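Heads up, the sequence shown is in this note's numbering, so the first residue is 24 and it goes up one at a time. Note that the Cβ used here is the ideal one computed from N, Cα and C, for glycine as well. Quick caveat: nothing in here was measured; it's all calculated off a predicted structure. Below is one structure, written out as structure tokens; the observations come after it.
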Amino acid sequence: MTPNDREQKVTALIDKLCLTQQLKRSEWITVIRERTPAAAEHLFELARAVRIHHYGHGIYIRGLIEFTNYCKNDCYYCGIRKSNPNAQRYRLSEEDILSCCEQGYDLGFRTFVLQGGEDGWFTDERLCDIVSGIRAQFPGCAITLSVGERSYDSYKKLYDAGADRYLLRHETYDERHYGRLHPPALSASHRKQCLWDLKKIGYQVGTGFMVGSPYQTVENLADDMLFLAHLDPQMVGIGPFVPHHDTPFADMPGGTVELTVYMLGLIRLLLPRVLLPATTALGTIAEDGREKGILAGANVVMPNLSPLQVREKYLLYDNKICTGDEAAESLNSLKKRMENIGYHIEVSRGDSLNI
24 MTPNDREQKV
34 TALIDKLCLT
44 QQLKRSEWIT
54 VIRERTPAAA
64 EHLFELARAV
74 RIHHYGHGIY
84 IRGLIEFTNY
94 CKNDCYYCGI
104 RKSNPNAQRY
114 RLSEEDILSC
124 CEQGYDLGFR
134 TFVLQGGEDG
144 WFTDERLCDI
154 VSGIRAQFPG
164 CAITLSVGER
174 SYDSYKKLYD
184 AGADRYLLRH
194 ETYDERHYGR
204 LHPPALSASH
214 RKQCLWDLKK
224 IGYQVGTGFM
234 VGSPYQTVEN
244 LADDMLFLAH
254 LDPQMVGIGP
264 FVPHHDTPFA
274 DMPGGTVELT
284 VYMLGLIRLL
294 LPRVLLPATT
304 ALGTIAEDGR
314 EKGILAGANV
324 VMPNLSPLQV
334 REKYLLYDNK
344 ICTGDEAAES
354 LNSLKKRMEN
364 IGYHIEVSRG
374 DSLNI
């Protein structure tokens, strides 16, 4: 196959995806493995058109509150894994969290994302008290949780307390690959069951995967895309793997901007109405990473509302941006950056149309 034939084949598959929102596994493998710069530009053009058709030029902002970096798990890629003795542990109080929400509301945030490690101190009762407190004080805002794997009953209690959305990346669909990234106590099948539980309860569900994670193959990415099509979530968060120096994967190569934004474009065509963040990790490995994500079809950014004194302690990976444009205080700078590429920050809950 000549380079021109290869490019035409990939472009044809991208067009098919745009028209039908589906590809076979072999086609996913081809469209990812055989990608070319010209095919990528064609993809981004289509992805932008689809995202503008459904969401216009508005970029939804989420106020991220990283409220605990304690975690019972020992995932091999994560800087807050329980066996990292160098992590400086912290927990925010309910008062701290509500203060972050107050600051965020004044800045224009209408969605708050509570993210943390799987910290057993935050029982159902404590978390429900926090969620109901936010709901009472900010009734028009969306509350998103990202606190890992819990029981069906736990998820239901949090939903009844007022949580609207839940983020739980499946990380990788393949059971064997999952086992190379996590200790034996964790399994891909249980993680996926949690996602189905969340959907059944009624959450707006977000999932996603790392791009360029250790041992990842093109076949793994193809299976991830097939899983997204099956789950049909409201949100998908993907970002490049970024190594952390205190983990077993410290010396592994990181994921790339090029493949991450390409996968963003494919997800936009697969799930046209999905909420798709340009993630902090993407902005970490490239100064203009989030702009590239937006131009590939993303429509969400998540500035940090956490107190300044803890931001540098929530280090899932090395060199994570936690000041400057990542900080909520620099929202005006973020607005200008989005305006420079033809988009604008939108003050709203920003609910998914994929419901």
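Here the alpha carbons of residue 320 and residue 71 stand approximately 5 Å from one another. C-alpha of residue 69 to C-alpha of residue 119: approximately 43 Å in a straight line. Note: residue 189 is bridge-paired with 168, 228 in the DSSP secondary-structure output.
The closest CA to that of residue 41, considering only 294, 285, 331, is found on 294. Scanning its chain for C-beta atoms nearer than 8 Å, with the 5 sequence neighbours on each side dropped, one finds around residue 198 the residues 210, 211, 212, in chain order. Separation of the CB atoms of residue 286 and residue 244 is rounded to 7 Å, and the pair is thereby assigned contact status at 8 Å. Contact fails between the segment 144-153 and the segment 358-370, because fewer than three Cβ pairs, one in each stretch, are under 8 Å apart. Taking the Cα positions, residue 281 is about 18 Å away from residue 247. Around residue 291, the same chain offers 70, 73, 74, 299, 320 as residues with beta carbons nearer than 7 Å, after the five sequence neighbours per side are excluded. Residue burial annotation: residue 230 is buried, with at least 16 other C-beta atoms found within 10 angstroms of its C-beta.
Distance from residue 81 to residue 314 at the Cβ level is roughly 15 Å; contact not present, criterion being Cβ atoms closer than 8 Å. In the pairwise beta carbon analysis, the segment 86-95 is classified as touching the segment 131-145: at least three pairs are separated by under 8 Å.
Around the beta carbon of residue 188, 16 or more other beta carbons lie within 10 angstroms, which makes this residue buried.
Within a 10 Å sphere around the beta-carbon of residue 49 sit fewer than 16 other beta-carbons, which makes this residue exposed. In chain order, 52 place their CB closer than 7 Å to the CB of residue 242, counting only its own chain and leaving out the 5 sequence neighbours on each side. Given a length threshold of 4 residues, each whole run of the alpha helix (DSSP H) inside the segment 208-286 is given here in chain order: 211-224, 241-254. Taking a cut-off of 8 Å on C-beta distances, the segment 296-310 touches the segment 258-271, as three or more cross pairs fall below it. Collapsing the DSSP output to three states places residue 66 in a helix. The residues 164, 371, 372, in chain order, have a CB closer than 6 Å to that of residue 133 in the same chain once the five nearest residues on each side in sequence are set aside.
Collapsing the DSSP output to three states places residue 297 in coil. Rounded to whole angstroms, the gap between the alpha carbons of residue 228 and residue 220 is 10 Å. Annotated three-state conformation of residue 138 is strand, per DSSP. Secondary structure remark: continuous beta strand (DSSP E) runs of at least 3 residues inside the segment 84-112, in chain order: 86-91. Rounded to whole angstroms, the Cβ separation of residue 279 and residue 232 is 15 Å, and the two are not in contact under 8 Å.
The Cβ atoms of residue 185 and residue 158 lie closer than 8 Å to each other. The C-alpha of residue 175 is placed about 23 Å away from the C-alpha of residue 206.
Judged by their CB atoms, residue 234 and residue 264 are nearer to each other than the 8 Å cut-off. If you draw a 10 Å sphere on the C-beta of residue 183, you find fewer than 16 other C-beta atoms in it, and that means exposed. The C-alpha of residue 237 is placed about 7 Å away from the C-alpha of residue 275.
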